[in-house]
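Beneath this line is the structure, given in structure tokens, with notes to follow.
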Amino acid sequence: MKKINILLVCLLTFCANKENLSASSHHPATIQNGLDKKLTAAGELYLRQVYTGMDYTAGGFTALELFSLNESLKQQTRTSSTAKSDPLLIGKKAKGTTSDIQKRQELLARIIAIMWQLDAKAAAQGEGFTSGSFKVIDPGYKLYNLLLQYVKLARTQSSSFAYERNPQKGQSSHYKDASPESQFGIDVRFEANESSLQLLPRSKSHIMFGKLTIADSKLPLLFIKLESLGLGSLSDKINHGIGFLKTRTDSKDLLERTRKEKYIKPEIQEAYRKVFAIFKTFDSKDQQDNSKKPLMAEKPKNISSMIEMINKAKMIQTSSSKTQAALSSFKAEGQKFMDLLATLYPNDKENISLRTGHEVIIDLNKL
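Numbering-wise (our numbering), the sequence shown opens with residue 1 and increments by one.
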């Protein structure tokens, strides 16, 4: 099935009009002229409003008004008269009253500002990136609920604004083993028939998000990934697929410059292999839990699983002289592994066990 999907993407790419498929050919100009700073400042206020319920204003401007502060930014605003129409969305029109449409547009503008603030927080932590994902500690799932509110409202107006995907059915490659519910996507477009707009940090135009569950953690977790393309039109779907295929061959050098949850740094993998090698010298009975399952896997899928397995193996109570002889060196090597993580991710002192790969962890308890 995967081969068929890949073949279909390639065939559609070859047959479709190149001008329609190129993101750069139909997307408006990116944020410039200082609007990024205004959006970042507004995003902090909107985040505070999400968690406190207080009615903050962004310097006296509504979120939509931020987009018209500068005459030269008209090509980046919400109206269909200034944003370019996507030829594959011709005929699309938002349903609902004028009030409903304005409510959705205002909410989207606020969400855009919040994304700029999250990007600023990553940079402030020394973890700025051009591509990657955020893992957000989201008290009360309030930011998640705001994003979901937009999705629900937008989908009553047009299918080109937002979508739902089930990672368990192969509809998403992100956090498949940690997603308790569906994941959602938001295309940054104010009109149903316009191209998605590059109004997010790093010229992105799509927001993907979903709840996360991490073993042994009860923290409310949310992942957010900003992408260059969404799934609002056929051209976006094709280019999204092409982009995914390209990432499968990303070089180590390129991966080091991104913050992707799927990427585990080689030095971490090597440190874990050393711990695992000592574990394999334990008595065979001590390598299993009460249900006869291995306490440690040779190649865990994520860092949080590595930490969990090492911690469980350290707690072994055994009468085996073979295991006892290896246990002290196992614990020492395990501590080296944890020390390496602390060096690589100094911002994660309290939350290192939440880490999947090379994503940015942001704790919104610390607003």
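Don't be surprised by glycine CBs; every beta carbon is placed ideally from N, CA and C.
Those residues which DSSP pairs with residue i across a bridge
i, result
"His-358", "Bridge partners of His-358: none, in fact."
"Gly-132", "Arg-259"
"Ala-162", "Ile-186"
"Pro-294", "Gln-288"
"Gly-210", "Phe-223"
"Ile-137", "Leu-221 and Asp-363"
Cα-Cα separation, residue i to residue j
i, j, result
"Gln-183", "Tyr-163", "9 Å"
"Ala-42", "Gln-149", "20 Å"
"Pro-266", "Ser-305", "16 Å"
"Ile-111", "Arg-48", "13 Å"
"Phe-279", "Gln-287", "7 Å"
"Asn-166", "Glu-181", "7 Å"
"Lys-218", "Ile-361", "16 Å"
"Glu-333", "Asp-339", "10 Å"
"Ser-320", "Phe-276", "18 Å"
"Met-296", "Gly-96", "54 Å"
"Arg-273", "Glu-298", "7 Å"
"Leu-341", "Gln-157", "46 Å"
"Thr-130", "Thr-356", "19 Å"
"Asp-55", "Thr-40", "17 Å"
"Leu-367", "Ile-137", "11 Å"
"Ser-329", "Lys-336", "11 Å"
"Asn-193", "Ser-205", "15 Å"
"Gln-36", "Thr-62", "The amino acid occupying residue 36 in the given sequence is Asp; Gln does not appear at that position. Computed Cα separation, rounded: 15 Å."
"Glu-270", "Ile-264", "10 Å"
"Ile-214", "Leu-147", "21 Å"
"Glu-71", "Gly-34", "The pLDDT assigned to Glu-71 is 48, lower than 50, so where the model puts this residue is not dependable; a value taken from the coordinates is nonetheless given after this. Answer to the nearest angstrom: the Cα atoms are 12 Å apart."
"Asn-311", "Leu-153", "44 Å"
"Leu-327", "Ile-307", "16 Å"
"Lys-211", "Ala-325", "43 Å"
"Lys-301", "Phe-209", "20 Å"
"Gln-105", "Thr-98", "11 Å"
"Asp-119", "Tyr-46", "14 Å"
"Lys-262", "Tyr-345", "16 Å"
"Glu-127", "Asp-187", "25 Å"
"Met-315", "Leu-66", "56 Å"
"Lys-331", "Lys-292", "22 Å"
"Arg-155", "Gly-185", "11 Å"
"Thr-323", "Pro-220", "38 Å"
"Glu-191", "Gly-53", "29 Å"
Residue i versus the options, residue with shortest Cα-Cα distance
i, options, result
"Val-368", "Asp-348, Lys-103, Asn-290 and Glu-127", "Since the first residue shown for the chain is 1 and the last is 367, residue 368 is missing from the structure and cannot be characterised."
"Leu-108", "Lys-142, Leu-327 and Arg-189", "Arg-189"
"Leu-64", "Ala-94, Leu-295, Gly-53 and Ile-101", "Ile-101"
"Leu-222", "Tyr-272, Tyr-141 and Ser-203", "Tyr-141"
"Pro-294", "Met-54, Lys-285 and Ile-114", "Lys-285"
"Val-50", "Thr-97, Tyr-144 and Gln-105", "Tyr-144"
"Asp-363", "Lys-121, Ser-196 and Ser-291", "Lys-121"
"Ser-228", "Ile-214, Leu-200 and Lys-301", "Leu-200"
"Lys-383", "Ala-113, Glu-261, Ser-319 and Thr-323", "Absent from the structure is residue 383, since the part of the chain shown begins at 1 and ends at 367."
"Lys-93", "Phe-134, Met-54 and Ser-195", "Ser-195"
"Ala-123", "Thr-156, Thr-258 and Gln-335", "Thr-258"
"Asn-290", "Pro-300, Leu-226, Ala-154 and Ala-313", "Ala-313"
"Ser-133", "Ser-205, Lys-260 and Ala-342", "Lys-260"
"Thr-318", "Leu-344, Phe-282 and Asn-302", "Phe-282"
"Ile-268", "Asn-351, Thr-343, Leu-153 and Phe-209", "Thr-343"
"Leu-354", "Ile-303, Ser-329 and Met-315", "Ile-303"
"Ser-160", "Ile-214, Leu-197 and Lys-135", "Leu-197"
"Arg-202", "Lys-225, Pro-220 and Ala-215", "Lys-225"
"Ile-352", "Lys-331, Lys-292, Asp-216 and Met-315", "Asp-216"
Integer Cβ distance of residue i from residue j, believed to fall under 8 Å
i, j, result
"Gln-125", "Glu-44", "Between Glu-44 and Gln-125 the Cβ distance is about 15 Å, and since that is not below 8 Å, they are no contact."
"Asn-365", "Pro-139", "6 Å"
"Ile-207", "Met-115", "7 Å"
"Glu-359", "Lys-135", "5 Å"
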